[in-house]
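This report refers to the structure that appears directly beneath it.
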Amino acid sequence: MTRRVRSQEPVREQGVIRFEMPEDSLPADHRARSVWRVVDSLDLSAFTSGAKAVQGQQGRPVKSVRMLLTLWLYAISVGVGSAREIARLTKSDEAFRWIVGDLRVGHSGLSMFRVGHGAALEKLFTDVLGALLQKGLLSLDLVAQDGTRVRASASAPSFRREASLLACREQAALHLKAVLAEQDDPEASMAERQARLAAARSFQTRIEEAIATVSELQAAGNEKPRASTTDADAHVMKMGDGGYRPAYNVQMATAGSRLGGPRTIVGILVTNVGTDMGSLTPMLAQIKQRTGQLPKVLLADAGHAKHSCIESAMRSGVDVLIPVPEAQQHSTKATSDEVVAWRARMQTDEAKELYRARASLCELPNAHLKARQNLTQVLVRGLGKVTCIALLAGVAANVLHNLGGLLS
């Protein structure tokens, strides 16, 4: 006689009452708690400066800035860079659930927070650098600058010349007129009619932005300018693999020691220019504005070797170490004293030895930007929004690399 095996089967019809204490769901030393404490110590008032929901007035309360910022920083620390993925994890992962508590966050709100507070993110980036300087965790003795190309949210076929854009303008106007005529369509819901109207106006706006970009390029001397009808700010650039695609140039200046240790991003400059030439001067100005001082030594590759930038930096007391491009090594063209001194400096063994620290200083943040935050391509349009994403990435890198020091 075969005996029946006793087994436990799931019962889903039985009601269950659960008592949970979210505060006790994470260990005391969990990274999410550490990030929360650092964020709690920062001044986040700039994120709510324009909020209408204030005491004594009607309006829906804004989502906690501390919670949203902690959510993004912690997500970046575990290699999650997608708003949709973060929203999903707030329902399944203990750390993400602890951060949001009893609040609910959608991917749309997370995306808007990341790209909708440009001025606040600028201030936050500067404030974090100030905190690191105050605690003695940041030194500008050695800074390296490098740029990386990030694919834009635009395709090559979206680039058009002026004649084609003018034809698109006429089509966009006709399309908007047709959509406005269908606003009384009884078969479409109010939401559908509003979505159609918003899409038609958005397309018309993007066409006008592309025409304005072509006009600017023509004024700058470009003989056959083209602009994208998807993202007018994006320009075609040469990428790391040798191909040419619409992209943005993200320049980062990183401070640290050639012996190792934490790396701190002290400057972020996002442009739609496909060359690094000329980026040294605005980066140094930004570093001075954020920290109140200039680097003692600045390392960069030969793509940054613009004479006017080198002259300006050396006159400001910055020791610029940039390899002399091959095309300039045998040049007999008259140059300034600063350029002559720079060329002579790069021939010394001391400069060559110090320059070897460039790769370890600046290429690691670029690699983390793409590998850990999946920023091989941005999904937003416009220079301003791309800058917001880069700034949040810089804040995350600086907070996470100096987490222990900021909490001490």
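When you read off a place in the sequence shown, starting at 1, and then add 321, the result is the number in this note's numbering. Think of the CB as a built atom: it goes at the ideal place given N, C-alpha and C, for glycine as much as any other residue.
Item: Three-way DSSP call (helix, strand, coil) for Ala576 in this model; Value: strand
Item: Cβ-Cβ distance between Leu365 and Leu390 below 9 Å; Value: yes
Item: Buried/exposed call for Asp345, threshold 16 Cβ in 10 Å; Value: exposed
Item: Opening and closing residue of the alpha helix (DSSP H) in which Ala623 lies; Value: Segment: none, Ala623 is in no alpha helix (DSSP H) and carries neither H nor E.
Item: In chain order, each beta strand (DSSP E) run of at least 3 residues that lies wholly inside the stretch 541 to 586; Value: 556 to 559, 565 to 578
Item: Coil, strand or helix - Val591 by DSSP; Value: strand
Item: Range covered by the beta strand (DSSP E) that runs through Thr469; Value: 463 to 472
Item: DSSP-derived helix/strand/coil call for Asp640; Value: strand
Item: Buried versus exposed call for Glu632 [16 or more other C-beta atoms within 10 Å across all chains shown]; Value: buried
Item: Under 9 Å between C-beta atoms of Leu642 and Ala621; Value: yes
Item: Ile608 to Leu619 span [Cα, whole Å]; Value: 11 Å
Item: Counted within 10 angstroms of its Cβ, other Cβ atoms place Ile407 as buried (16 or more) or exposed; Value: buried
Item: Helix, strand or coil at Gln455 according to DSSP, with G and I counted as helix; Value: helix
Item: Host alpha helix (DSSP H) of Met598 (start-end); Value: Careful: Met598 lies outside any alpha helix (DSSP H) and carries neither H nor E.
Item: Presumed contact (8 Å Cβ cut-off) between Asp462 and Lys617, rounded CB distance; Value: 5 Å
Item: 8 Å contact criterion, which Met560 and Arg470 should meet: CB distance rounded; Value: 5 Å
Item: Minimum C-alpha distance to Cys709 - residue among Arg677, Lys444, Gly564, Pro348; Value: Lys444
Item: Start-to-end residues for the alpha helix (DSSP H) that takes in Gly705; Value: 704 to 722
Item: Top-ranked residue by Cα proximity to Val421, from Met558, Ser385, His438; Value: Ser385
Item: Proximal residues to Pro644 (C-beta, below 8 Å), its chain only, five neighbours per side dropped; Value: Asp622, Ala623, Ala626, Met667, Tyr676
Item: Asp554 and Thr534 closer than 9 Å at C-beta; Value: yes
Item: Within 9 Å, strictly: CB atoms of Leu713 and Ile338; Value: no
Item: Integer Cβ distance of Ala541 from Arg481, believed to fall under 8 Å; Value: That pair is no contact at about 18 Å.
Item: Buried versus exposed call for Ser429 [16 or more other C-beta atoms within 10 Å across all chains shown]; Value: exposed
Item: Burial state of Lys267 (16 or more Cβ within 10 Å); Value: Since the first and last residues shown for the chain are 322 and 729, residue 267 lies out of range.
Item: Reduced DSSP category for Phe480 - H, G, I as helix; E, B as strand; rest coil; Value: strand
Item: Limits of the unbroken alpha helix (DSSP H) element including Asp670; Value: 670 to 676
Item: Proximity winner among Asp552, Asn543, Arg517, relative to Glu529 (alpha-carbon distances); Value: Asp552
Item: Beta-carbon spacing of Arg584, Pro686 below 9 Å; Value: yes
Item: Beta-carbon spacing of Ala665, His689 below 9 Å; Value: no
Item: Outcome for Asn543 when other beta-carbon atoms lying within 10 angstroms are tallied against a minimum of 16; Value: exposed
Item: Range of the contiguous alpha helix (DSSP H) that encloses Glu415; Value: 415 to 421
Item: Boundaries (first-last residue) of the alpha helix (DSSP H) holding Lys691; Value: 679 to 692
Item: Cβ-Cβ distance between Gly437 and Gln694 below 9 Å; Value: no
Item: Neighbour-count burial assignment, Lys498, 16 or more Cβ in a 10 Å radius; Value: exposed
Item: Cβ-Cβ distance between Arg611 and Leu450 below 9 Å; Value: yes
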